[in-house]
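Engineer:
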Amino acid sequence: MTRRACSRTIASIWLATAALTAQAQDLKPGLWEQSTRMRSDSGQMEQAMAQAQQQVSAMPPEQRKMMQEMMARQGMAMGSSGPGNMVMKICMTPEMVARNAIPTQEGDCKSEASPRSGNTVKMKFSCTQPPSSGEGTVTFVSPQSYSSQMTITTRAGGKPETMRMETQGRWLAADCGNVQPPAARRK
Numbered sequence: 002m003t004r005r006a007c008s009r010t011i012a013s014i015w016l017a018t019a020a021l022t023a024q025a026q027d028l029k030p031g032l033w034e035q036s037t038r039m040r041s042d043s044g045q046m047e048q049a050m051a052q053a054q055q056q057v058s059a060m061p062p063e064q065r066k067m068m069q070e071m072m073a074r075q076g077m078a079m080g081s082s083g084p085g086n087m088v089m090k091i092c093m094t095p096e097m098v099a100r101n102a103i104p105t106q107e108g109d110c111k112s113e114a115s116p117r118s119g120n121t122v123k124m125k126f127s128c129t130q131p132p133s134s135g136e137g138t139v140t141f142v143s144p145q146s147y148s149s150q151m152t153i154t155t156r157a158g159g160k161p162e163t164m165r166m167e168t169q170g171r172w173l174a175a176d177c178g179n180v181q182p183p184a185a186r187r188k
């Protein structure tokens, strides 16, 4: 899997999962941090992520800053905490939360969630760019915290790949700072 395909797969999966943050109207709008741990059957995803992290670390400071600013304009900020682990930030506006807006990107991801049962929602998603699908559960701990577990099927090197993703989401602040809200569409 190439570094670009890895990044697109991760972003698509993350945005499909992030859709559920908007579907729980008792979550607070503002800046959210999502810490994700991913493991793939083949280990290719972890290798691609490690390569991407090394390449970003090796960039000259001005180039790294440009990349961070570009991502902030798209509604994300990324950091890492080891191979297969990632920290992302997203800005959820009050309007996005109120109307159950789903953050999207080029990639045409569709998701569907079961009705909320207590503090849990089950969901399924599929994306065309890159081709991937998955299912999992999101547990809303409080208006400022949630966790999720997902199983994702995609392709790496032309072969089917299964990944498992565990995520912890936490609200950071009402002000999103320089992280802009992602593009959103009405359901």
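Each residue of the sequence shown is one higher than the one before, starting from 2 at the first, in our numbering.
By construction, the Cβ of each residue, glycine as well, lies at the ideal position given by its N, Cα and C atoms.
In the DSSP assignment, find the beta strand (DSSP E) that holds glutamine 181 and state where it starts and stops.
Structural biologist: As a working note, residue 181 is residue 180 in the sequence shown. First-last for glutamine 181: undefined, no H or E at that position.
Engineer: Three-state secondary structure (DSSP) at arginine 165?
Structural biologist: In the sequence shown, counting from the first residue as 1, residue 165 sits at position 164. Reduced to three states, the DSSP call for arginine 165 is strand.
Engineer: In this structure, how does DSSP classify tryptophan 172 when only helix, strand and coil are distinguished?
Structural biologist: Indexing the sequence shown from 1 puts residue 172 at position 171. Correct three-state label for tryptophan 172: strand.
Engineer: Just curious, the beta strand (DSSP E) that serine 58 is in, first and last residue?
Structural biologist: Here residue 58 refers to the residue found at position 57 when the sequence shown is read from its first residue. Unbroken run through serine 58 is the alpha helix (DSSP H), 45-59; no beta strand (DSSP E).
Engineer: Below 8 Å, how does it come out for the region 113-124 and the region 52-60: are there three or more Cβ pairs, yes or no?
Structural biologist: Because the criterion of three Cβ pairs below 8 Å is not met, the region 113-124 and the region 52-60 do not touch.
Engineer: With three or more C-beta pairs closer than 8 Å as the rule, is the region 138-146 touching the region 157-167?
Structural biologist: No, because fewer than three Cβ pairs between the region 157-167 and the region 138-146 fall closer than 8 Å, the two stretches do not touch.
Engineer: Would you say the beta carbon of arginine 38 comes nearer than 8 Å to a heavy atom of the ligand GDP?
Structural biologist: Looking at this structure, you won't find the ligand GDP or any other ligand, since it has none at all.
Engineer: What three-state label does DSSP hand lysine 160 in the structure shown?
Structural biologist: The residue given as residue 160 occupies position 159 in the sequence shown. Looking at lysine 160 - three-state DSSP - the assignment turns out to be strand.
Engineer: Relative to the C-alpha of valine 88, which residue among Arg38, Gln150, Glu63, Pro62 is closest?
Structural biologist: Here residue 88 corresponds to residue number 87 of the sequence shown, with the count starting at 1. The shortest C-alpha separation from valine 88 is found at Arg38.
Engineer: Could you pull the start and end residues of the beta strand (DSSP E) that lysine 29 belongs to?
Structural biologist: To locate residue 29, count along the sequence shown from 1; it is residue 28. Where lysine 29 is concerned, there is no enclosing beta strand (DSSP E), given that its DSSP letter is neither H nor E.
Engineer: Alpha carbons only, please: which of Lys29, Gly135, Pro132, Glu34 is nearest the one belonging to isoleucine 91?
Structural biologist: Against the sequence shown, residue 91 aligns to sequence position 90. Nearest of Lys29, Gly135, Pro132, Glu34 to isoleucine 91, Cα basis: Glu34.
Engineer: So the candidates are Pro144, Arg156, Gly170; which of them puts its Cα closest to the Cα of glutamine 150?
Structural biologist: Within the sequence shown, residue 150 is the residue found at index 149, counting from 1. Comparing Cα positions, the closest option is Gly170.
Engineer: When you compare only the Cα positions, how much space is there between methionine 124 and alanine 114?
Structural biologist: Residue numbering aside, residue 124 sits at position 123 when the sequence shown is read from its first letter. Residue numbering aside, residue 114 sits at position 113 when the sequence shown is read from its first letter. Cα to Cα, methionine 124 sits roughly 4 Å from alanine 114.
Engineer: Could you name the residues that DSSP lists as bridge partners for threonine 138?
Structural biologist: Here residue 138 is taken as the residue at index 137 of the sequence shown, counted from 1. The partner list for threonine 138 (beta bridge, DSSP) reads Lys123, Gln150.
Engineer: My understanding is that serine 133 touches threonine 152, with C-beta atoms under 8 Å, so please give their C-beta distance in whole angstroms.
Structural biologist: Counting from 1 along the sequence shown, the entry for residue 133 is found at position 132. Counting from 1 along the sequence shown, the entry for residue 152 is found at position 151. About 11 Å separates the two Cβ atoms, so there is no contact after all.
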